[in-house]
Amino acid sequence: MSTTQTPTRRALLQAAAGAGAGLGLQPLLGSLANAQPASGKTLTVAIPGVPVTLDPINLTNHDWMAASQTIYENLIEFDVNGEMRPQLAAAMPTVSPDKTTYTFDLRDNVYFHNGKKFSAEDVKYSYEYLLDPANKAVRRPVFARIEKVSVINPLRVEFKLSEPYGPWLAFQTKCMGIFPAGSREANSPDVFRNAPAGLGTGPGIFEEWKPNEYISFRRNPNYWRKGLPSWERLVIRQINEESVRVAYLLSGQVDLISAPPPRDFERLKKMANLSGGSRATLGGWFAINTNNSKPPFDDVNFRKAISHAIDRDVIANKVYYGLLSPAAMPAPKGAWWYNESHDRAASFDLAKAQDLLARSKYPKGASFDLAIPAEPYLLDVKDAALVIQSQLSKIGVKVNLKVSEFQVFFAAAVKGEQQAGMFVNMSPGEPTYHLQNSLTPNQLLTKTVNYDGPEMLALLKQGFAEDDREKAKQIYSNLQAVLVRDMPMVWVGFVHAANLWRKATVKEFTVNQGVTFSCRDVA
Amino acid sequence: MLRMLLNRLAFSILALLFVGLLLFVLTRGVPGSPARVALGLEATDTQIAQFEKDHGLDRPVVEQYIRWLGQLVLHGDFGRSFVTGRSMNALLTETLPITLELVLFAFAFAVAVALPIGVLSAVYEGTWIDHAARIFAVIGVSVPGFWLGLMLIRFPAVEFGWFPPGGFVPLSDGLVAHLQSIALPAFALGVYYIAILSRMTRSGLVETLGSEYVRTARALGLPRGRVLWYALKNALVPVVSVGAMSFGYMFGWALIVEYLFNIPGMSNALLTAVGQRDYFTMQAVVYVFTIIFIVSNLAADLLNRQLNPKLASAQP
Numbered sequence: 000m001s002t003t004q005t006p007t008r009r010a011l012l013q014a015a016a017g018a019g020a021g022l023g024l025q026p027l028l029g030s031l032a033n034a035q036p037a038s039g040k041t042l043t044v045a046i047p048g049v050p051v052t053l054d055p056i057n058l059t060n061h062d063w064m065a066a067s068q069t070i071y072e073n074l075i076e077f078d079v080n081g082e083m084r085p086q087l088a089a090a091m092p093t094v095s096p097d098k099t100t101y102t103f104d105l106r107d108n109v110y111f112h113n114g115k116k117f118s119a120e121d122v123k124y125s126y127e128y129l130l131d132p133a134n135k136a137v138r139r140p141v142f143a144r145i146e147k148v149s150v151i152n153p154l155r156v157e158f159k160l161s162e163p164y165g166p167w168l169a170f171q172t173k174c175m176g177i178f179p180a181g182s183r184e185a186n187s188p189d190v191f192r193n194a195p196a197g198l199g200t201g202p203g204i205f206e207e208w209k210p211n212e213y214i215s216f217r218r219n220p221n222y223w224r225k226g227l228p229s230w231e232r233l234v235i236r237q238i239n240e241e242s243v244r245v246a247y248l249l250s251g252q253v254d255l256i257s258a259p260p261p262r263d264f265e266r267l268k269k270m271a272n273l274s275g276g277s278r279a280t281l282g283g284w285f286a287i288n289t290n291n292s293k294p295p296f297d298d299v300n301f302r303k304a305i306s307h308a309i310d311r312d313v314i315a316n317k318v319y320y321g322l323l324s325p326a327a328m329p330a331p332k333g334a335w336w337y338n339e340s341h342d343r344a345a346s347f348d349l350a351k352a353q354d355l356l357a358r359s360k361y362p363k364g365a366s367f368d369l370a371i372p373a374e375p376y377l378l379d380v381k382d383a384a385l386v387i388q389s390q391l392s393k394i395g396v397k398v399n400l401k402v403s404e405f406q407v408f409f410a411a412a413v414k415g416e417q418q419a420g421m422f423v424n425m426s427p428g429e430p431t432y433h434l435q436n437s438l439t440p441n442q443l444l445t446k447t448v449n450y451d452g453p454e455m456l457a458l459l460k461q462g463f464a465e466d467d468r469e470k471a472k473q474i475y476s477n478l479q480a481v482l483v484r485d486m487p488m489v490w491v492g493f494v495h496a497a498n499l500w501r502k503a504t505v506k507e508f509t510v511n512q513g514v515t516f517s518c519r520d521v522a
Numbered sequence: 000m001l002r003m004l005l006n007r008l009a010f011s012i013l014a015l016l017f018v019g020l021l022l023f024v025l026t027r028g029v030p031g032s033p034a035r036v037a038l039g040l041e042a043t044d045t046q047i048a049q050f051e052k053d054h055g056l057d058r059p060v061v062e063q064y065i066r067w068l069g070q071l072v073l074h075g076d077f078g079r080s081f082v083t084g085r086s087m088n089a090l091l092t093e094t095l096p097i098t099l100e101l102v103l104f105a106f107a108f109a110v111a112v113a114l115p116i117g118v119l120s121a122v123y124e125g126t127w128i129d130h131a132a133r134i135f136a137v138i139g140v141s142v143p144g145f146w147l148g149l150m151l152i153r154f155p156a157v158e159f160g161w162f163p164p165g166g167f168v169p170l171s172d173g174l175v176a177h178l179q180s181i182a183l184p185a186f187a188l189g190v191y192y193i194a195i196l197s198r199m200t201r202s203g204l205v206e207t208l209g210s211e212y213v214r215t216a217r218a219l220g221l222p223r224g225r226v227l228w229y230a231l232k233n234a235l236v237p238v239v240s241v242g243a244m245s246f247g248y249m250f251g252w253a254l255i256v257e258y259l260f261n262i263p264g265m266s267n268a269l270l271t272a273v274g275q276r277d278y279f280t281m282q283a284v285v286y287v288f289t290i291i292f293i294v295s296n297l298a299a300d301l302l303n304r305q306l307n308p309k310l311a312s313a314q315p
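See the structure below:
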């Protein structure tokens, strides 16, 4: 059934009347849900979350990027280990000495699902569409520093930025997708949102979207990566309840799931017919945004005391059973920007916490409201909140937990109404995205922290312009030193990507550090 | 009869108008904007304001309501979701049959089990049959539906493999597979109402079996079965009324069952819509539920008139 079809009132009434008999309409509404191709494998995966769009320039649900990234590709991608590598580009870009011009050479063997050959013109078109304010692309602000995109030749494209801003390369992997030139004019917005058949270069061609059920794809026979994908049909099922995802896996209804229940993960992956894996992501940060403009977080020693009073290992191991990597700084242990000494400088130390509290404006302790969202996203933070409440009570700090539905939580957060808010957020695997969002002026989460950090801003700007990794490491180390000194917020850890799969049907799979697992690579 | 139907129609229209307005006010009073869902967490205040302007969400609630109502009455159009862009009519066409089938199965199952239990319990009042039925009823109303659903998934589905753990298989894919996919959810939904209806049946039947006209019928030598049938007909009047209300309530309970068993029905769509602040979906689904509630109560009244002709003459 077309997803843009609007039945008449007559059809609606007939449907209701027919449904009163209970069964009459089912043949008419029969779907491809259980149809199997004549040959070849169908890979079925189950992920949580509710997709609202497949349009890559408007997609923000991290889990459902697994769907859009099956259809669309970018110039660059992250490999499973979190290293950037070329995708539609033939090689990593050459960058001008002033770090504002990026030139990409493109692959010559790529075709869109509609048969059109991919070229620089499509890249230019896609980015210009994204950047045009009239198109109201949700992801436009992320790429706002791109001033111009030029076609040098059919296989070479150039980006000119308004200022040095290296992170934009990483943001492509999550916040963008290349579509054919002219496709936006040739198709309605609903096509990009709900039924993007023929519009990408990726391993899967969109087939069908059944709301609250699944999205299906068929194999792209002309995919430029020869031999991939190994499946003939891909079905991504939407299953929000974690125990039901496991039930589907155990009963063989799905082949692979994401976000398994942490408590059962070790047991399940040891079962004879299942396998599993997990690894810390580079961008899934779990932190407490402490509002520096509201007591008691208006005192730096109090904030430091909180950081030192939280035993992150207990949370990681007892609450999340190892599916969280503890981190007291915005850097996971596996990241190139991780600095062990800064991490240790902010880590659990009860004596230090008590000492800092004694030196703060609140030597006798204090209380604060910790807002948390009710619904899990990547991780359920409620249990961790209870543990933190207990840990902070040891230094005389009383935590009042305020649970609310995510929309309510987030609306209050962005307005700066919370004393402290704790939640999980996901970014591409690079060091600056969350820092920009929370700790720099006029960004989405600025008011959740209200941090005034000119030194940090200056270091960030240096980092944007630095593409030598060793030099960038030093810059981010200096930045973390500032964060240790100022402790504008409290980091708890980095979430793991975790997957379980059936051995009988999934022979090759590597857990992706980006959490959004790539369906292309499942064999 | 005609007068009764016209009265009910007028009342129903008033009820729908009231429900619609209440929905509008309540949904728009909840914190959080659908803009944030549609545009993403990183939407700026400017983007959100523009979105609300584009979709008329910055207009007064009454104006929005009148516009929506006009579209519904004049064009039969429930509108389009401004979160997903989908037509509400299409959504209802896809999801209503699924939820309706689930509820009908659950209701039929509940009635088919509850009536015999209630009758046996009444006929054998005070015996072990009556006590067993009472215990079953207490368990039935006490067991949390969510837990029951998880147990059904855990054992009959995963452990024994008799049923799928979730999902909905349409009839076009095979009758057996279709029935298997609906069996566990229908059971989970119907158990609570078996308890309610069986107790109602028992209470009503015990009372009528003790009444004078039944004793007279027995004394006159009428067969036991016929006496029981006469008594049951009179005892069923309150049961039918409660049954009709239960049928309506089942659509609400179906929300939990559909979520748990991953059934793409209307109740599941409502749950998603609440989280997304998808006002049009919420309004469309709740409106349909209200209509079903009204129709089922009307059907119950008509059936009761057949069961007890005194009601037909007593009511306008």
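Read top to bottom, the protein sequences are chains A and B.
According to numbering that gives the first Met the number 0, the stretch in the first sequence is residues 0 to 522, in order.
According to numbering that gives the first Met the number 0, the stretch in the second sequence is residues 0 to 315, in order.
Each residue gets a CB set at the ideal place from its N, CA and C atoms; glycine is no exception.
Here the segment 390 to 398 of chain A makes contact with the segment 356 to 374 of chain A; the two share three or more CB pairs at distances below 8 Å. As the crow flies, the alpha-carbon of A:GLN86 is around 31 Å from that of A:LEU444. With respect to the C-alpha of B:GLU257, the residue from B:GLY165, B:VAL226 and B:HIS177 having the closest C-alpha is B:GLY165. Counting only runs of 3 or more residues that sit fully inside the segment 184 to 234 of chain A, the beta strand (DSSP E) segments are 203 to 209 and 213 to 218, in chain order. Contact residues of the segment 199 to 221 of chain A toward chain B are LYS209, PRO210, ASN211 and GLU212 (C-beta to C-beta distance below 8 Å).
Per the C-alpha coordinates, the member of B:PHE135, B:ALA107 and B:ALA109 positioned closest to B:SER120 is B:PHE135. Listed as beta-bridge partners of A:ARG236 by DSSP are A:ALA45 and A:TYR213. Under the Cβ distance rule, A:ALA357 does not count among the residues neighbouring chain B, no pair being separated by less than 8 Å.
Selection B:PHE260, B:GLN70, B:ASN303 and B:GLU158 evaluated against B:ALA234 yields B:ASN303 as nearest (Cα-Cα). For B:GLN179, the closest alpha carbon among the candidates B:VAL294, B:ILE262 and B:VAL238 is that of B:ILE262. Listed along chain A are VAL49 and ASN211, each with a C-beta nearer than 7 Å to that of B:THR271. By the beta-carbon neighbour count (other beta carbons within 10 angstroms, threshold 16), A:ASN441 is exposed. Legend: CB atoms of the segment 17 to 32 of chain B lying less than 7 Å from CB atoms of chain A belong to residues PRO30 and GLY31. For A:ALA89, there is no enclosing alpha helix (DSSP H), as DSSP gives it neither H nor E. For A:ASP382, the CB contacts under 6 Å within the same chain, skipping 5 residues up- and downstream, are VAL318 in chain order.
Measuring C-alpha to C-alpha distances from A:ALA185 to each of A:ALA196, A:GLU240 and A:VAL245 identifies A:ALA196 as the nearest. Residue-level contact by beta carbon fails for A:TYR110 and chain B, as no gap is shorter than 8 Å.
Closest in alpha carbon position to A:PRO294, among A:TYR361, A:LEU233, A:LEU482 and A:THR102, is A:TYR361. At a cut-off of 8 Å between C-beta atoms, B:THR289 does not count as an interface residue with respect to chain A. Contact with chain B is absent for A:LEU129, since none of that chain's Cβ atoms lies less than 8 Å from the residue's Cβ. For B:ASN296, the nearest beta carbon of chain A is not closer than 8 Å to its own beta carbon.
Between B:VAL82 and B:GLN275, the C-beta gap is smaller than 8 Å, which places the two residues in contact. Neighbours of B:ARG276 in chain A, taken as residues at a C-beta separation under 9 Å, are given in chain order as GLN406. With fewer than 16 other Cβ atoms from the protein chains shown falling within 10 Å of its own Cβ, B:GLY28 counts as exposed.
Taking a C-beta distance under 8 Å as the contact criterion, A:VAL380 and B:PRO30 do not qualify as a contact pair.
Close to B:TYR258, with beta-carbon spacing below 8 Å, are these residues of chain A in chain order: ASN239 and GLU240. When Cβ-Cβ separations below 8 Å define contact, A:ASN449 makes no contact with chain B. Within a 10 Å sphere around the beta-carbon of A:ARG266 sit fewer than 16 other beta-carbons, which makes this residue exposed. Residue nearest to A:ASP298 within the set A:ARG358, A:PHE516, A:VAL402 and A:ASP342 is A:ARG358 (criterion: CA-CA distance). In the three-state DSSP reduction, A:ARG302 falls in the helix class (H, G or I). In this structure, DSSP gives A:ILE256 an extended state, which the three-state scheme calls strand. With a cutoff of 8 Å on beta-carbon distance, A:ASN290 and A:THR439 are scored as not near each other. Between A:LEU58 and A:ILE70, the gap from beta carbon to beta carbon reaches 8 Å or more.
In chain order, ILE238 and VAL243 make up the part of chain A whose C-beta sits under 7 Å from the C-beta of B:ASN261. Taking every protein chain shown into account, the CB of B:GLN70 has fewer than 16 other CB atoms within 10 angstroms, so this residue is exposed. The beta carbon of B:VAL137 sits closer than 8 Å to the beta carbons of ALA194 from its chain, once the five residues preceding and following it are set aside; these are given in chain order.
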